[in-house]
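Heads up: the protein sequence lines correspond to chains A and B, in order.
For reference, each letter of the first sequence is one residue, going 18 to 130 in my numbering.
For reference, each letter of the second sequence is one residue, going 165 to 273 in my numbering.
Just so you know, even glycine gets a beta-carbon here, dropped at the ideal spot from N, CA and C.
As the structure is a prediction and not an experimental result, all values here were calculated from the model.
As structure tokens, the structure follows; a few thoughts come after it.
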Amino acid sequence: DAGVIQSPRHEVTEMGQEVTLRCKPISGHDYLFWYRQTMMRGLELLIYFNNNVPIDDSGMPEDRFSAKMPNASFSTLKIQPSEPRDSAVYFCASSLGGVDTQYFGPGTRLTVL
Amino acid sequence: SQELEQSPQSLIVQEGKNLTINCTSSKTLYGLYWYKQKYGEGLIFLMMLQKGGEEKSHEKITAKLDEKKQQSSLHITASQPSHAGIYLCGADDDYKLSFGAGTTVTVRA
């Protein structure tokens with residue numbers, strides 16, 4: 018298996034623009050997690066899905082952030098409009114059975130100017 | 165939510181020397197995960213501990229969970245350059261993982 022795939026790997030955009038991050042989980046995994054990593058706050062969970070259904074989005078910073086999982090093999094995290102404070106590395110992870118071993122993607126490094 | 169404190173924040177070790185990282189929780193740990201991250205890359209799963217007193221080893225890395233299930237340690241024997249990176253502990257927090265701030269390990273040749 019190719020592991021968790023994320024795209025793009027790097028994204029540079031200007032404040033106010035819409036940003037869409039993409040994730041393909043490992044085939045067969047039923048949980049998908051979106052994390053954000055910054056120097057100040059470390060690694061924090063934004064939202065997670067079980068069988069394509071959002072279960073807990075309490076970590077989503079504000080309404081500018083939204084996430085979808087239209088099918089078992091694809092998820093998106095969208096920021097609209099983006100702000101400089103959104104600059105971070107965003108990780109997607111998937112697992113089989115919940116909190117069990119999570120497999121992380123390589124991350125998307127987002128820079129908002 | 166589960167809060168984890170890792171120590172030290174960073175350490176520098178001479179190649180061939182041993183090192184230990186600690187992870188402490190104020191609550192009982194029902195599942196403790198150790199991950200490693202290299203700069204610019206995702207997290208790689210190392211080990212998972214569940215039972216009090218449990219100890220697991222993989223190659224030169226040993227992780228332990230204390231009897232009270234509130235503290236875990238990660239020990240690396242005879243460190244190598246490949247051991248450099250950021251080590252994070254994560255706790256099972258109601259179907260989610262809550263992570264510590266991480267420990268940055270530098271191995272000097």
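Range of the contiguous beta strand (DSSP E) that encloses residue i
| i | result |
| --- | --- |
| G254 of chain B | 249-256 |
| S190 of chain B | From DSSP, S190 of chain B is part of no beta strand (DSSP E); its letter is neither H nor E. |
| L60 of chain A | 59-67 |
| V36 of chain A | 36-41 |
| L49 of chain A | 48-55 |
| V21 of chain A | That residue, V21 of chain A, is in no beta strand (DSSP E); it is neither H nor E in DSSP. |
| Y197 of chain B | 196-201 |
| R272 of chain B | 267-272 |
| V177 of chain B | 174-178 |
| L130 of chain A | Premise fails: L130 of chain A is in no beta strand (DSSP E) and is neither H nor E. |
Residue i, DSSP secondary structure in three states
| i | result |
| --- | --- |
| P98 of chain A | coil |
| P87 of chain A | strand |
| P16 of chain A | Any answer about residue 16 of chain A is impossible in this case: the structure gives chain A only from 18 up to 130. |
| S246 of chain B | helix |
Cut-off 6 Å between Cβ atoms - residues of its own chain near residue i, not counting five sequence neighbours on either side
| i | result |
| --- | --- |
| K202 of chain B | G249 |
| G115 of chain A | Y48 |
| S92 of chain A | C40, L49, M86 |
| R126 of chain A | H27, V106 |
| L38 of chain A | L94, Y107, T125 |
| Y197 of chain B | M212, G254 |
Same chain only: Cβ atoms within 8 Å of residue i, ignoring 5 sequence neighbours per side
| i | result |
| --- | --- |
| A242 of chain B | G180, K181, N182, K224 |
| R272 of chain B | I176, V177, Q178, E179 |
| G195 of chain B | M212, L213, Q214, A255, D256 |
Residues of its chain near residue i, where Cβ-Cβ distance is below 7 Å and the 5 sequence neighbours each way are ignored
| i | result |
| --- | --- |
| E61 of chain A | Y52, R53, G76 |
| G45 of chain A | L113 |
Counterpart residues of residue i in DSSP-defined beta bridges
| i | result |
| --- | --- |
| A110 of chain A | A:F50, A:F121 |
| A227 of chain B | B:K220, B:L238 |
| E167 of chain B | Answer by DSSP bridge pairing: none, since E167 of chain B is not bridged. |
| V29 of chain A | A:T128 |
| M211 of chain B | B:W198 |
| S262 of chain B | B:A255 |
| S92 of chain A | A:C40 |
is_contact[residue i, chain C] using C-beta, thresh 7 Å
| i | result |
| --- | --- |
| K260 of chain B | Absence of chain C from the displayed structure is noted, the protein chains being A and B. |
Take every Cβ of the stretch 218-236 of chain B, pair it with every Cβ of the stretch 93-102 of chain A, and state whether three or more of those distances are shorter than 8 Å. no
Problem set entry | the stretch 82-91 of chain A in contact with the stretch 18-34 of chain A per 3-pair CB rule at 8 Å | no
Determine, using beta-carbon pairs with one atom in the stretch 182-194 of chain B and one in the stretch 232-241 of chain B, whether at least three such pairs fall under 8 Å.
-> yes
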